[in-house]
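Asks: One structure follows; several queries about it will come next.
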Amino acid sequence: MSMACGGLSSPATAAGTVAVADAEMVAAMVLIQLAHPGAPVYHSMMPSLMDRMTEAGDDRAAYTRADLQLHALILEASHNELLARMSGTLADALQAGRDVTTLIRFGPASSVPLHADVVGTIVEAEPQQAHQAMLGLFSYATEDMEAVLDEDTRA
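Residue numbers for the sequence shown follow my numbering, beginning at 49 and rising by one.
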């Protein structure tokens, strides 16, 4: 896992941080293959997208961009061909959901810890815990959508 930190251990720009993080991960993958040829390795930018979601705070547009990219990586990490083929449709659904759920509660930043739980369990290759973390995130989003629908019906 890369530990590139924009402005500290990598350039301050997003592109520079991604380049350094990518180089760190590729170097680690090479070392793993030298020590254990054929060992499975994973390359993921999920943690850096979590940083972007955290940095976005209540900037709904920046949060939504990072969130959609994170969910695209989660789909990719699932190695599920059906989900991969449906990624465009799922992205549209996520976008519509974000248009609703980022408007209430404490803004988009309030769901970052739930996303971090999902990412952490995926990075640690804990499928059961990842499933539970995703269910928690779905439940939170469902509550937000229901609250918006309740407000619309009262208006």
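Using N, Cα and C, we set each Cβ at its ideal position, and we do this for glycine too. Just so you know, these numbers come straight off a predicted model, no measurement behind them.
1) Cα-Cα, which of M101, A71, P85 and A75 is closest to V167?
2) Would you call the region 105 to 123 and the region 134 to 149 touching, i.e. three or more CB-CB distances under 8 Å?
3) Between the C-alpha atoms of M193 and V148, what's the straight-line distance to the nearest angstrom?
4) Please report how far the alpha carbon of E103 lies from the alpha carbon of H84, in whole angstroms.
5) With DSSP collapsed to three states, give me the class of P161.
6) Would you decide whether I122 is buried or exposed? Buried here means 16 or more other CB atoms lie within 10 Å of its CB.
7) Just the C-alpha distance for D189 and A181, rounded to the nearest angstrom, thanks.
8) At the level of alpha carbons, what is the spacing between P88 and A178?
9) Quick one: what's got a C-beta closer than 7 Å to S135's C-beta in the same chain, skipping five residues either side?
10) Express the C-alpha separation of A71 and T79 in angstroms, rounding to a whole number.
11) Could you check what DSSP says for D198 in three-state terms: helix, strand or coil?
Replies: By the coordinates alone:
1) Position 119 of the sequence shown holds residue 167. Ranking M101, A71, P85 and A75 by Cα distance to V167 puts M101 first.
2) The region 105 to 123, when compared against the region 134 to 149, does touch it at the 8 Å Cβ threshold.
3) Looking up residue 193 in the sequence shown gives position 145. Looking up residue 148 in the sequence shown gives position 100. Approximately 7 Å, taken between the alpha carbons.
4) On the sequence shown, position 55 is the one that residue 103 refers to. On the sequence shown, position 36 is the one that residue 84 refers to. E103 and H84 have their alpha carbons spaced roughly 37 Å apart.
5) As a working note, residue 161 is residue 113 in the sequence shown. Shown here, P161 sits in a helix according to DSSP, grouped into three states.
6) For this step, residue 122 is matched to residue 74 along the sequence shown. Flag for I122 reads buried.
7) Along the sequence shown, read from residue 1 onward, the residue named residue 189 stands at position 141. Along the sequence shown, read from residue 1 onward, the residue named residue 181 stands at position 133. Checking the sequence shown, residue 189 turns out to be Ala, not Asp. Taking C-alpha positions only, A189 is separated from A181 by approximately 13 Å.
8) Numbered from 1 along the sequence shown, position 40 holds the residue referred to as residue 88. Numbered from 1 along the sequence shown, position 130 holds the residue referred to as residue 178. As the crow flies, the alpha-carbon of P88 is around 19 Å from that of A178.
9) Counting from one through the sequence shown, the residue named residue 135 turns up at place 87. Once the five neighbours on either side are set aside, the close Cβ partners of S135 are A120 and L123.
10) By one-based count along the sequence shown, residue 79 stands at place 31. By one-based count along the sequence shown, residue 71 stands at place 23. Correcting the residue type first, residue 79 is Leu in the shown sequence and not Thr. Whole-angstrom Cα-Cα distance: 12 Å.
11) As a working note, residue 198 is residue 150 in the sequence shown. Reduced to three states, the DSSP call for D198 is helix.
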